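Enquirer: Numbering (our numbering), first residue to last: -15 to 193.
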């Protein structure tokens, strides 16, 4: 949780630091994550992220992968564990989150994670897999702009997997992604969370031509 006036999507959280460790236990990975106040997932790995990690298809085994809004790194580090031959870009506007994610990658012996601010990702990098528990609470206009920015950088065979709660607009987001030309399907549902998979817009447009 964040203190009043501070959010996990702030660039520099004003919440007083109080670091702690949480465990991420998956069938194929066990990771220790240092968390802190002012960063998403302080008390535990949240249920939506855990569902994504349990139900998402295997990420691409090579090339560049992306975690949008990495927080402490639960998604990025899992991708890096499952795809050791790939480079995982972990991006977040929150400086404290980036520091934690970078430290967690080192702590868990993962050298294929590159942590940076969104604007520091080189413009010529295209992604074969994008996974995200996106920051829905930044508001719909900002969310849509963010998703369009990164989905446009999928490779022709790339896919994006998102987790969104139905009460936070998962069904309307799925419809909107379709409208933008990104074919999107629901892969799984649990406790109100939806796992959505979107394909590259370029492939969809090519199919229609």
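Ideal Cβ positions, reconstructed from N, Cα and C, are used throughout, including at glycine. Everything numeric in this text was worked out from a predicted model, so none of it was measured.
Using the three-state DSSP reduction, which class does residue -12 fall into: helix, strand or coil?
Expert: By one-based count along the chain shown, residue -12 stands at place 4. Because the pLDDT at residue -12 is just 42, under 50, the model does not fix this residue reliably, and the point stays unresolved.
Enquirer: With 16 other CB atoms within 10 Å as the buried threshold, where does residue 101 fall?
Expert: Within the chain shown, residue 101 is the residue found at index 117, counting from 1. In this structure residue 101 is exposed. Its beta-carbon is surrounded by fewer than 16 other beta-carbon atoms within 10 angstroms.
Enquirer: For the beta strand (DSSP E) containing residue 15, name the first residue and the last one.
Expert: Translated into positions along the chain shown, residue 15 becomes position 31. 13 to 19 is the span of the beta strand (DSSP E), which, as asked, contains residue 15.
Enquirer: Output needed for residue 105: all residues of its chain with C-beta closer than 7 angstroms, excluding positions within five of it in sequence on either side, in chain order.
Expert: The count along the chain shown starts at 1 and reaches residue 105 at position 121. Taken in chain order, the residues that qualify are 73, 75.
Enquirer: For a test of your reading of the model: does the CB of residue 6 fall under 7 angstroms from any non-hydrogen atom of the ligand SAM? Yes or no.
Expert: Ligands in the displayed structure: none, and consequently the ligand SAM is not present.
Enquirer: Where does residue 91 fall in DSSP's three states?
Expert: As a first step, residue 91 is located in the chain shown; it is residue number 107 there, counting from the start. Correct three-state label for residue 91: helix.
Enquirer: Under 8 angstroms, with one C-beta from each stretch per pair, do the region 132 to 144 and the region 79 to 86 reach the 3-pair mark?
Expert: no
Enquirer: Which residue from 31, 67, 123 puts its Cα closest to that of residue 13?
Expert: Along the chain shown, read from residue 1 onward, the residue named residue 13 stands at position 29. Each of 31, 67, 123 was checked against the Cα of residue 13, and the nearest Cα belongs to 67.
Enquirer: Would DSSP call residue 156 helix, strand or coil?
Expert: Sequence index remark: in the chain shown, residue 156 carries index 172 (1-based). Here residue 156 sits in helix by DSSP.
Enquirer: According to DSSP, simplified to helix, strand and coil, what is residue 54?
Expert: If you number the chain shown from 1, residue 54 lands on position 70. If DSSP states are grouped into helix, strand and coil, residue 54 belongs with coil.
Enquirer: If you check the beta carbons only, do residue 37 and residue 15 fall under 8 angstroms apart?
Expert: Residue mapping note: residue 37 aligns to position 53 of the chain shown, counting from 1. Residue mapping note: residue 15 aligns to position 31 of the chain shown, counting from 1. In this structure, residue 15 does not lie closer than 8 angstroms to residue 37 by Cβ.
Enquirer: When you compare each of 140, 58, 154, 55 to residue 127 by their alpha carbons, which one comes out closest?
Expert: Indexing the chain shown from 1 puts residue 127 at position 143. When each option's Cα is compared against that of residue 127, the closest is 154.
Enquirer: According to DSSP, what are the bridge partners of residue 141?
Expert: The count along the chain shown starts at 1 and reaches residue 141 at position 157. The partner list for residue 141 (beta bridge, DSSP) is empty, contrary to what the question assumes.
Enquirer: Tell me whether residue 170 is buried or exposed, calling it buried when 16 or more other Cβ atoms sit within 10 Å of its Cβ.
Expert: Position 186 of the chain shown holds residue 170. By the 10 Å Cβ count, residue 170 comes out exposed.
Enquirer: From the DSSP output, in three-state form, read off residue 44 for me.
Expert: Here residue 44 corresponds to residue number 60 of the chain shown, with the count starting at 1. Correct three-state label for residue 44: coil.
Enquirer: I need the straight-line Cα distance from residue 197 to residue 55, nearest angstrom please.
Expert: Since the first residue of the chain shown is -15 and the last is 193, residue 197 is not available in this structure.
Enquirer: Once you ignore the five residues that flank residue 51 on each side, which residues in its own chain have a CB closer than 6 angstroms to its CB?
Expert: Residue 51 sits at position 67 when you count from the first residue of the chain shown. Here the set comprises 59, 60, 74, 115.
Enquirer: Grab me the residues of residue 63's own chain with a C-beta within less than 8 angstroms of its C-beta, minus the 5 sequence neighbours each way, in chain order.
Expert: Locating residue 63 in the chain shown gives position 79, counting from the first residue. So the qualifying residues of the chain are 43, 49, 51, 70, 72, 113, 115.
Enquirer: Hey, could you find the ends of the beta strand (DSSP E) residue 172 is sitting in?
Expert: As a working mapping, residue 172 is identified with position 188 in the chain shown. Its beta strand (DSSP E) spans residues 168 to 174.
Enquirer: For residue 184, is the classification buried or exposed, using 16 other Cβ atoms within 10 angstroms of its Cβ as the cut-off for buried?
Expert: To locate residue 184, count along the chain shown from 1; it is residue 200. Buried is the call here.
Enquirer: Compute the beta-carbon to beta-carbon distance between residue 89 and residue 47, rounded to the nearest angstrom, for a pair I have assumed lies under 8 angstroms.
Expert: In the chain shown, counting from the first residue as 1, residue 89 sits at position 105. In the chain shown, counting from the first residue as 1, residue 47 sits at position 63. Wrong, their Cβ atoms sit about 18 angstroms apart, outside the cutoff.
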